[in-house]
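K.L.:
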Amino acid sequence: MRPLNYAMLKYFTTVDEACADDVMGALAGDYSTFTAFKREKMQEALMTAEKNGLIAESRVDLDSNGDLRVFYSASEEQRATIDSYIK
Amino acid sequence: MQDASATLSPADLARQKKSALDASFFKKGIMIALFSSLMYGFYTAFVTAGQNSVLWAGWTAEIAPTAFLAVFIIPTIASAINDTCSAIWALAITIKQGKLGDFGRTVNTRPGIILMLSALVGGPIATVAYIIALSQAGTIVVPIAALNPAIGSILSRILYKQELGPRKIVGILICVAAGLMIGSASLTGDSSSNIVMGLALAFVAALGWGAEGCIAGYASCMIDTQIGITLRQCVSGVVELLVVLPILSVAGGVPMAQTFSYLSAAVANLPTIACFVVAGFAAYKSFASWYRGNSMCGTALGMACNGTYTFVAPLVTYLVVGLAMGIDGYALPPIAWIAAVVMILGILVIAVDPKELFKKKEAAHATA
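Quick mapping for you: the protein sequence lines, in order, are chains A and B.
Mapping to full-length UniProt numbering: the first sequence position 1 is 1, numbers consecutive.
Mapping to full-length UniProt numbering: the second sequence position 154 is 154, numbers consecutive.
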C-alpha cells in the first residue's frame, strides 16, 4: 500500500484525466478512513502537484450541483517523472 | 439587483469559480509562508533564551570562550536538544493526524530518501552551524543566514536548470551588498566574542538551507507536508544527538561522558528545557510552513516570504530575550536594520516577477 499522496499521483499515470472526485472514488477502498481523505485536502494536494509540474490542468466544468470540478492529466513526460519517483 | 453569475454561461461560471479557487490557494500559500517567518522568529528567540538560562550562563562563565567545548560542543547540544524536541512535536502531531502509517510507508521510497538526505544538509549541518553562529555572534548572523533564498536560486539553476535571469542576479547582488553592510556594522560596536566565525558559520547555514529548499522542495511536492517535516526533524534530531555530538567530542578531545553530562543537565533543568520545548515547536511549525508555503505559491515567492524573518527573528529575540528576560545586547545597530531592509528588497527582487504580479492583479480585477 502506498502513502495517500503517492497513490493520488500514481492514479494519473493510469487515466487520461481526473478530478478530485474521480481520484477519491478510485482510492476510497483503501484510503477512505484517512484523515487527509477529504475533498478540500485532495483538491489542495492536486493543485500543489499541478503547481510543481507533476500534473497539468486539462479543463474545468460544473457538476450537477453547480460545484466546480477541475480536471487534471499527466503527459508522457509527467508520467515518466511520477513513475521514476513512485514505484 | 440581478446576480451577475446568473447571466454567465456554465463554462464562464466554472472559469470564474476556478479563478476564485486559484486566488484563494495563492493567498493561503503566501499566508503560510509568512507564518513560517513568524515561527522562525520564535524558534530563534527561544533557542537564544535557552542559551541564556542560569544553567547555561554558568557554563559560559566557567568555560573559556575560545575552548572547543564552548565554541562547538555546547552550542551543538542546544541544536540537538532543539531538533529532538521538534522531532517529538512533529511525531506527536503526525500520530494525532493519523498519518503514522503513511510516515512509515514513505521512509523507504525515493522521494523519502531524497528528503532525508536534504534534511541531513539542512538539519545537522546547517542548523548546528546556525546555532553555533548565534552563540558566537548573536542575532547579527540572522540576515546572513537569510541569504539562503539567493543560494537556493543559484543551486536550482545548477541542479535543476531553473531560470536565473538578470532580475534574479541583480537581487542576489543586492543581498550580497546587504551582507557586507551587516559585516561592517559588526566590526564596530558589537560585543560578541567571535563575530567572524559566527558570520562564516551563518553562511554555511545559508548554503545548507538553500540546498535543502532546492532539493527538498521537489521531493515535498510528492510527500504530505506533515510527513515530510516529521522525516526532516527526526533525521536532524537523531543525527545531531547520535552522530554529530560524538564526532565533535572525539575531534575536540572532549570526553564523551562530559559532553553527554552537559546534555543531560540541560534536559533536566526545567527553565532551560522549557525554552527548548517552545523553540522545538516553533521550529517544527516554521519548517513545516516553509515546505508547504514553497510548494503552494512556488519556491521563489515562498522563500521570499519566509525570508522576512530577517526582521522578525531579531525583533522577536529582542522582545523575548531583551525585554521579557531583561538581558542586554540584543538590540541591533541601525545600520543592521537598514541592511535587513535592503536584503529583503534583494530577496523580493530575486523572487517576485513584477509582470506576474501585474497579471495577478489584472486577473483579480477581472473576477471581482
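Glycine included, each C-beta is placed from N, C-alpha and C at the ideal position.
(1) Among B:138, B:38, B:236, B:56, whose alpha-carbon lies nearest the alpha-carbon of residue 117 (chain B)?
(2) Tell me, to the nearest whole angstrom, how far the beta carbon of residue 74 (chain A) is from that of residue 55 (chain A); I am working on the premise that it is less than 8 Å.
(3) Smallest Cα separation from residue 34 (chain B): which of B:313, B:352, B:83, B:305?
(4) Counting only Cβ pairs nearer than 9 Å, list the residues of chain B close to residue 61 (chain A).
(5) Can you round the beta-carbon distance between residue 199 (chain B) and residue 137 (chain B) to whole angstroms, since I take them to be within the 8 Å contact cut?
(6) Which residues mark the beginning and the end of the beta strand (DSSP E) in which residue 75 (chain A) is found?
(7) Starting from residue 58 (chain A) and walking both ways along the beta strand (DSSP E), at which residues does that stretch end?
(8) Taking 9 Å as the CB-CB limit, is residue 35 (chain A) close to chain B?
(9) In the DSSP output, which residue or residues are listed as bridge partners for residue 90 (chain B)?
(10) I want to see whether chain A comes within less than 9 Å of residue 25 (chain B), judged by CB atoms only; does it?
(11) On the three-pair Cβ rule with 8 Å, is the region 34-47 of chain B touching the region 265-276 of chain B?
(12) Can you name the residues of chain A whose CB is closer than 7 Å to the CB of residue 221 (chain B)?
(13) Report the three-state DSSP secondary structure of residue 68 (chain A) (helix, strand or coil).
(14) Does residue 295 (chain B) have its Cβ less than 9 Å from a Cβ in chain A?
(15) According to DSSP, simplified to helix, strand and coil, what is residue 18 (chain A)?
(16) When DSSP labels each residue in this structure, what does residue 255 (chain B) get in the three-state scheme?
(17) In chain A, which residues lie less than 7 Å from residue 106 (chain B) when you measure between Cβ atoms?
(18) Any beta carbon from chain A within less than 9 Å of residue 110 (chain B)'s own beta carbon?
(19) Measure from the alpha carbon of residue 37 (chain B) to the alpha carbon of each residue in B:330, B:316, B:101, B:339, then state which is nearest.
(20) For residue 22 (chain A) and residue 15 (chain B), what's the separation of their Cα atoms in angstroms?
(21) Can you look up residue 51 (chain B) in the DSSP assignment and give me helix, strand or coil?
(22) So, using beta-carbon positions, are residue 243 (chain B) and residue 124 (chain B) closer together than 9 Å?
(23) I believe residue 128 (chain B) touches residue 134 (chain B) by the beta-carbon criterion, under 8 Å. Please report the beta-carbon distance rounded to the nearest angstrom.
(24) Relative to the alpha-carbon of residue 80 (chain A), which residue among A:9, A:3, A:1 has its alpha-carbon at the smallest distance?
(25) Using the beta-carbon of each residue, which ones in chain B are nearer than 9 Å to residue 27 (chain A)?
(26) Check this for me: beta carbons of residue 91 (chain B) and residue 230 (chain B), under 9 Å apart or not?
(27) So, with DSSP's three-state summary, where would you put residue 32 (chain A)?
(28) Are the C-beta atoms of residue 43 (chain A) and some chain B residue less than 9 Å apart?
(29) Hey, residue 94 (chain B) and residue 227 (chain B) are a contact pair by Cβ (cut 8 Å); roughly how many whole angstroms apart?
(30) From B:329, B:291, B:223, pick the residue whose C-alpha is nearest to that of residue 108 (chain B); which is it?
(31) In three-state DSSP terms, what is residue 12 (chain A)?
(32) With H, G and I counted as helix, E and B as strand and the rest as coil, what does DSSP make of residue 264 (chain B)?
(33) Can you determine whether any heavy atom of the ligand ADP sits closer than 8 Å to the C-beta of residue 12 (chain A), and answer yes or no?
(34) Hey, quick one: how far does the alpha helix (DSSP H) through residue 66 (chain B) stretch, first residue to last?
(35) Pick helix, strand or coil for residue 154 (chain B), following the three-state DSSP scheme.
(36) How is residue 78 (chain B) classed by DSSP in three states: helix, strand or coil?
P.N.:
From the atom records:
(1) B:236
(2) 5 Å
(3) B:305
(4) Within 9 Å Cβ-Cβ: 10, 11, 14.
(5) 6 Å
(6) Residue 75 (chain A) -> no beta strand (DSSP E), and no H or E assigned at all.
(7) Counting along the chain, the beta strand (DSSP E) containing residue 58 (chain A) begins and ends at 56-62.
(8) yes
(9) The partner list for residue 90 (chain B) (beta bridge, DSSP) is empty, contrary to what the question assumes.
(10) yes
(11) yes
(12) 48, 49, 52, 54
(13) Residue state for residue 68 (chain A) is assigned as strand, using DSSP reduced to three classes.
(14) At least one chain A Cβ lies under 9 Å of residue 295 (chain B).
(15) strand
(16) coil
(17) Residues of chain A passing the Cβ test: 3.
(18) yes
(19) B:316
(20) 20 Å
(21) Residue state, collapsed to three classes: coil.
(22) Yes. Within cutoff.
(23) Taking 8 Å as the upper bound for CB-CB distance, residue 128 (chain B) and residue 134 (chain B) are not in contact here, some 11 Å apart.
(24) A:9
(25) Ordered by position in chain B, no residue passes the 9 Å Cβ test against residue 27 (chain A), which lies about 13 Å from the chain.
(26) yes
(27) coil
(28) yes
(29) 7 Å
(30) Closest in C-alpha terms to residue 108 (chain B), from the list B:329, B:291, B:223, comes B:223.
(31) coil
(32) helix
(33) The ligand ADP is not among the ligands present in this structure, which contains no ligands whatsoever.
(34) Element bounds for residue 66 (chain B): n/a, residue is neither H nor E.
(35) helix
(36) helix
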